[in-house]
Amino acid sequence: METGISKTPAPGAPGTPSTSNINSESRSPTNSKGGAAQVREQKHRDQDARRSNQNAAAGRETRRGRGGHQGKKRNMGRTEWAKNKVDKRQRNEDEQAAKRQRVDQGKDELPIYATKFSDEVLAAEERRPKKKVAVLLGYAGTGYKGMQLTHDQKTIEGDLFQAFVAAGAISKANADDPKKSSFVRCARTDKGVHAAGNVISLKLIIEDEDIVQKINDNLTPQIRVWGYERTNNSFSAYQMVDSRIYEYLIPTHSFLPPHPSSFLGRNSEKWAEKKDDLEWYRKRQEEVLGYWEKVDEEMIKPILAEYDQEIRAILEKALWPKAQVPKNREDGDMQPSSSTAVEKEVEHQTSEPGPPQEVEIKDGDSQDQDLANNNGKPISTGGDSTEQPKPSRSRVLDEAMKRIRQAYIAAKRAYRIPTERLDRIQEALNLFVGTRNYHNYTIEKTFKDPSAKRVIKSFLVNRKPIIINGTEWLSMKVHGQSFMMHQIRKMVGMVALVVRCGCDPKRLIDSMGPERLSIPKAPSLGLLLERPVFESYNKRAKDALGKEIIDFDKYKDAMDKFKQEQIYERMYRDEGKENVFGNFFNHVDNFPTETFLFVTSGGIEATKTKAPVEGVGAVEEGGKKIENALLLDNDVDIGVVDEDSDADDAVRDNHGDEG
């Protein structure tokens, strides 16, 4: 019976000539290379044909493409990758679970915040019910390696967890692992950063009415628990937070222009001339024009006048490397007897995160003659032989530089910011509002990374500065959905550079483009997490859950007192003692590469043009380096190459909040 189905043999089946066989049979014998060679070629063709037929019959999906290999796994498409990817938070939880398992098996040491009680103690402990709560707290971050738990570093959460255990709010059975209590933070903060208000969610034993007092009794005065609110069991402080409000305190002298003799000051003027922007550059600086010239004339030159010509020449060369020596000075007195400029080389790495950029200083060659004459004897003073010998030149230079530095610091602290300068600051801050790309304001992000886009709701400067211990301070508050590591500090650093260098504010928009820029991060000293905002949860808690809202206002008096005593006073004291902001901006101003020249009129082009580094900030006299009085500290962390030293072992949030 005919079925209409062709019974064509499968490829390679017996009795079916393969393509290679047909081709070989069709060739003329006259084209063969000889008997043996023809047999070998025919054999190879047959083997290839059999291999091809076997692959086709098996229906193998993998193919041998160019540059590939047999059996290579195909690449996933976007949809498949999105379905199978593991987010950072889940990956961190998996890693922590594996670490806990190793600890339980005795293969790893217990974290410094965890306590392992004996089986006898655990058996004797009374079992008490736990409730899901949101804990409201504040802390001063000085001396801590950030908020988040780390295996072997002192952190806010580490001390807090131990206090919960000591107060009986967490049972001894759960004292070895915060995850057993569903411990979740709302916002992480970096090393040294403070928080007036932050929230963590976890399960606590809250039967005792004075549990908050018991917890605080086991904490240092730097950390305070304000209270707690009962929540539903699914509440997560990390997932439920809508936005965060940060405050940054900064001395107003941070908005003074760079000294005209500094590297950044000289290049700001040069690029303004080169780009035909000199008139507008000076207009943007009109309220501070001549400030440093006046300081030099009224405060510095009187100090220099107290020293002899030789010492004065050394100091002037260190202070003003481009200054002209007065013509009436004799040739023999124009330069010190022996001094050379110190060469500075900067190893600038931007390809991947690493340690902060350092300035490597190489000592120049110099012959120290001190105060000796050609016979090696001290120079005679011309007075009585019983007269006390003069102090060595080295000591005189040290004393002079110390006096000059103090004079510059005093001049900065005496500065009072005018209204026009405040207007320029607010104009720059307004450009951050909205959804922007902040890949240049954090680490390990590219322009195309979707997570680099963040929403800023407001960024305002308080137009009423406060004066503390003779220094005028400004408060800036930023309200954003979420922040990345170092983002706020870099935002403040960028605004300060734009204003103080007389830069067009639109350079802020350029910094959010695809070009890679090294933006210095302002000191952590001034950063404070004001409070997180739970707007969506609070509406639901009140209307549907029958729970109290998460609100810091009920603790306002206690929080204000804590901020004043533990945070603000600490900031003011540290700045007064260590001149943190002064050293930071001095270092930026004298950083001898084109790294920060994007805030000049040259823009991004200036960062790609090699800038001359002549006469930058130091001379060497008698084997002793005499630094520019403006450059007070070579070890300031300006964040050219960012490091994550404060969170190496931390569980990083997916939205890694600013600290």
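In this text, residue positions in the sequence shown follow my numbering: the first is 1265, and each later residue adds one.
All C-beta atoms in this analysis are idealised placements derived from N, C-alpha and C, irrespective of residue type, glycine included.
Small disclaimer: the values here were computed from a predicted structure and weren't measured.
(message) By the three-class DSSP mapping on this structure, what secondary structure does Ala-1459 have?
(response) Taking the first residue of the sequence shown as 1, we reach residue 1459 at position 195. Strand, per DSSP.
(request) Take the Cβ of Asp-1595 as the centre, count every other Cβ of all protein chains shown within 10 Å, and call the residue buried at 16 or more, exposed below. (result) Here residue 1595 is taken as the residue at index 331 of the sequence shown, counted from 1. Its pLDDT being 39, under 50, Asp-1595 is placed unreliably by the model, and nothing is read from it.
(request) Answer yes or no: do Ile-1931 and Trp-1737 have a C-beta to C-beta separation smaller than 8 Å? (result) Here the chain has residues from 1265 to 1923 only, and residue 1931 is not among them.
(message) What does the Cβ neighbour count give for Arg-1548, buried or exposed, with the cut at 16 atoms within 10 Å?
(response) The residue you call residue 1548 lines up with position 284 of the sequence shown. Burial is judged here by how many other beta carbons sit within 10 angstroms of a residue's own beta carbon; Arg-1548 has at least 16 and is buried.
(message) Can you tell me where the beta strand (DSSP E) holding Val-1399 begins and where it ends?
(response) Position 135 of the sequence shown, counting from 1, holds the residue named residue 1399. First-last of the beta strand (DSSP E) with Val-1399: 1395-1403.
(message) Taking the straight line between their C-alpha atoms, what separation do you get for Leu-1793 and Leu-1695?
(response) Translated into positions along the sequence shown, residue 1793 becomes position 529. Translated into positions along the sequence shown, residue 1695 becomes position 431. Leu-1793 and Leu-1695: Cα-Cα distance of roughly 22 Å.
(request) Counting only the same chain and skipping the five closest in sequence on each side, list residues whose C-beta sits under 6 Å from that of Leu-1528. (result) Working through the sequence shown from its first residue, we reach residue 1528 at position 264. Excluding positions up to five away in sequence, the list reads Pro-1522 and Asp-1853.
(request) Indicate the three-state DSSP secondary structure (helix, strand or coil) for Thr-1699 in the structure shown. (result) Here the question's residue 1699 lines up with position 435 in the sequence shown. Thr-1699 falls in the strand class under three-state DSSP.
(message) Let's see if you can read the secondary structure: which residues bound the beta strand (DSSP E) around Lys-1380?
(response) The sequence position of residue 1380 within the sequence shown is 116, counting from 1. DSSP places Lys-1380 outside any beta strand (DSSP E), giving it a letter other than H or E.
(request) Would you mind reading off the limits of the alpha helix (DSSP H) that contains Tyr-1801? (result) As a first step, residue 1801 is located in the sequence shown; it is residue number 537 there, counting from the start. Taken as a continuous stretch (DSSP letters only), the alpha helix (DSSP H) holding Tyr-1801 covers 1799-1804.
(request) Please list, in chain order, all residues of the same chain as Pro-1796 whose beta carbon is under 6 Å from its beta carbon, the five residues on each side excluded. (result) Position 532 of the sequence shown holds residue 1796. Sequence-distant partners of Pro-1796 (beyond 5 residues in either direction) whose C-beta falls short of 6 Å from its own C-beta, in its chain, are Cys-1450, Ala-1451, Val-1463, Val-1505 and Arg-1508.
(message) Taking contact to mean 3 or more Cβ pairs, one atom from each stretch, closer than 8 Å, check whether the segment 1747-1754 and the segment 1701-1717 are in contact.
(response) Put simply, the segment 1747-1754 touches the segment 1701-1717. At least three CB pairs are less than 8 Å apart.
(message) Using 8 Å for Cβ pairs, my map puts Thr-1495 next to Lys-1396. What's the rounded Cβ distance?
(response) The residue you call residue 1495 lines up with position 231 of the sequence shown. The residue you call residue 1396 lines up with position 132 of the sequence shown. About 5 Å; that satisfies the 8 Å criterion.
(request) Leaving aside the five residues before and after Ala-1387 along the sequence, list all residues of the same chain whose C-beta is less than 7 Å from its C-beta, in chain order. (result) As a first step, residue 1387 is located in the sequence shown; it is residue number 123 there, counting from the start. Contacts found: none.
(request) Grab the span of the beta strand (DSSP E) containing Ile-1564 for me, first residue to last. (result) As a working note, residue 1564 is residue 300 in the sequence shown. Segment: none, Ile-1564 is in no beta strand (DSSP E) and carries neither H nor E.
(message) What residue range does the alpha helix (DSSP H) around Gly-1851 cover?
(response) Against the sequence shown, residue 1851 aligns to sequence position 587. Reading off the sequence, residue 1851 comes out as His, not Gly. That run of the alpha helix (DSSP H) goes 1844-1853.
(request) Return the bridge partner residues of Thr-1735 from the DSSP annotation. (result) Translated into positions along the sequence shown, residue 1735 becomes position 471. According to DSSP, Thr-1735 bridges with Ile-1732.
(request) Pick out the complete beta strand (DSSP E) segments inside the segment 1476-1536, 3 residues or longer, and give them in chain order. (result) Taking 3 residues as the shortest admissible run, the segment 1476-1536 contains the following complete beta strand (DSSP E) segments, listed from N- to C-terminal end: 1487-1494 and 1507-1515.
(message) Helix, strand or coil, according to DSSP, for Glu-1839 in the structure here?
(response) Residue numbering aside, residue 1839 sits at position 575 when the sequence shown is read from its first letter. It is helical.
(message) At the level of alpha carbons, what is the spacing between Tyr-1408 and Ile-1813?
(response) Taking the sequence shown and counting its residues from 1, the one referred to as residue 1408 is at position 144. Taking the sequence shown and counting its residues from 1, the one referred to as residue 1813 is at position 549. The alpha-carbon atoms of Tyr-1408 and Ile-1813 are separated by roughly 30 Å.
(request) Kindly give me the distance between the Cβ atoms of Ala-1433 and Ile-1487, rounded to whole angstroms, as I take these residues to be in contact under 8 Å. (result) Translated into positions along the sequence shown, residue 1433 becomes position 169. Translated into positions along the sequence shown, residue 1487 becomes position 223. Not confirmed; about 14 Å, so no contact.
(request) Could you tell me the boundaries of the alpha helix (DSSP H) in which Ile-1752 lies? (result) Numbered from its first residue, the sequence shown carries residue 1752 at position 488. 1751-1764 is the span of the alpha helix (DSSP H), which, as asked, contains Ile-1752.
(message) Count Cβ pairs between the segment 1766-1778 and the segment 1697-1707 that sit closer than 8 Å; are there 3 or more?
(response) yes
(message) Bridge partners for His-1743 per DSSP, in chain order?
(response) Indexing the sequence shown from 1 puts residue 1743 at position 479. Answer is Ile-1509 and Ser-1722, bridged to His-1743.
(message) Relative to the C-alpha of Leu-1483, which candidate in Gly-1422, Ser-1498 and Ser-1446 has its C-alpha closest?
(response) Taking the sequence shown and counting its residues from 1, the one referred to as residue 1483 is at position 219. With distances taken between Cα atoms, Leu-1483 lies closest to Gly-1422.
(request) Would you check if the segment 1554-1565 and the segment 1719-1729 touch, i.e. whether three or more CB-CB distances between them fall below 8 Å? (result) No, because fewer than three Cβ pairs between the segment 1719-1729 and the segment 1554-1565 fall closer than 8 Å, the two stretches do not touch.
(message) Rounded to whole angstroms, what is the Cα-Cα separation between Met-1835 and Arg-1677?
(response) If you number the sequence shown from 1, residue 1835 lands on position 571. If you number the sequence shown from 1, residue 1677 lands on position 413. Going by the C-alpha atoms only, they are around 15 Å apart.
(message) As a quick exercise: from Lys-1444, Lys-1539, Gly-1491 and Arg-1685, pick the residue whose alpha carbon is nearest that of Gly-1461.
(response) As a first step, residue 1461 must be located in the sequence shown, where it is residue number 197. The option with the nearest alpha carbon to Gly-1461 is Gly-1491.
(request) May I have the straight-line CA-CA distance separating Glu-1570 from Ile-1564, to the nearest angstrom? (result) For the purposes of this step, residue 1570 is taken as the residue at position 306 of the sequence shown. For the purposes of this step, residue 1564 is taken as the residue at position 300 of the sequence shown. For Glu-1570 and Ile-1564, the distance between alpha carbons rounds to 11 Å.
(message) For Gly-1341 and Ser-1446, what's the separation of their Cα atoms in angstroms?
(response) Counted from its first residue, the sequence shown places residue 1341 at position 77. Counted from its first residue, the sequence shown places residue 1446 at position 182. Spanning the two alpha carbons is a distance of roughly 35 Å.
(message) Using C-beta distances below 7 Å, list every residue in its chain close to Pro-1485, excluding the 5 sequence neighbours before and after it, in chain order.
(response) Within the sequence shown, the letter at position 221 stands for residue 1485. Same-chain partners within the cutoff: Gln-1830.
(message) According to DSSP, Pro-1856 sits in a beta bridge with which residue or residues?
(response) Position 592 of the sequence shown, counting from 1, holds the residue named residue 1856. Answer is none; Pro-1856 lacks a bridge partner.
(message) Considering Cα atoms alone, identify which of Lys-1666, Ile-1668, Arg-1727 and Leu-1661 is closest to Pro-1682.
(response) Working through the sequence shown from its first residue, we reach residue 1682 at position 418. Comparing Cα-Cα distances from Pro-1682 to each of Lys-1666, Ile-1668, Arg-1727 and Leu-1661, the minimum goes to Arg-1727.
(message) Going by DSSP in three states, Asp-1634 sits in which element: helix, strand or coil?
(response) Within the sequence shown, numbered from 1, the residue matching residue 1634 stands at position 370. Low per-residue confidence applies at Asp-1634: pLDDT is 41, beneath 50, and the placement is therefore not dependable, though the value from the model is reported in the following sentence. In the structure shown, Asp-1634 sits in coil (DSSP, three-state: anything other than H, G, I, E or B).
(request) Determine the extent of the alpha helix (DSSP H) in which Gln-1670 is found, giving its start and end residues. (result) Within the sequence shown, the letter at position 406 stands for residue 1670. Unbroken alpha helix (DSSP H) run through Gln-1670: 1657-1677.
(message) In the DSSP output, what is Arg-1795 paired with across the bridge?
(response) For this step, residue 1795 is matched to residue 531 along the sequence shown. For Arg-1795, the pairing in a beta bridge is given by DSSP as Ile-1509.
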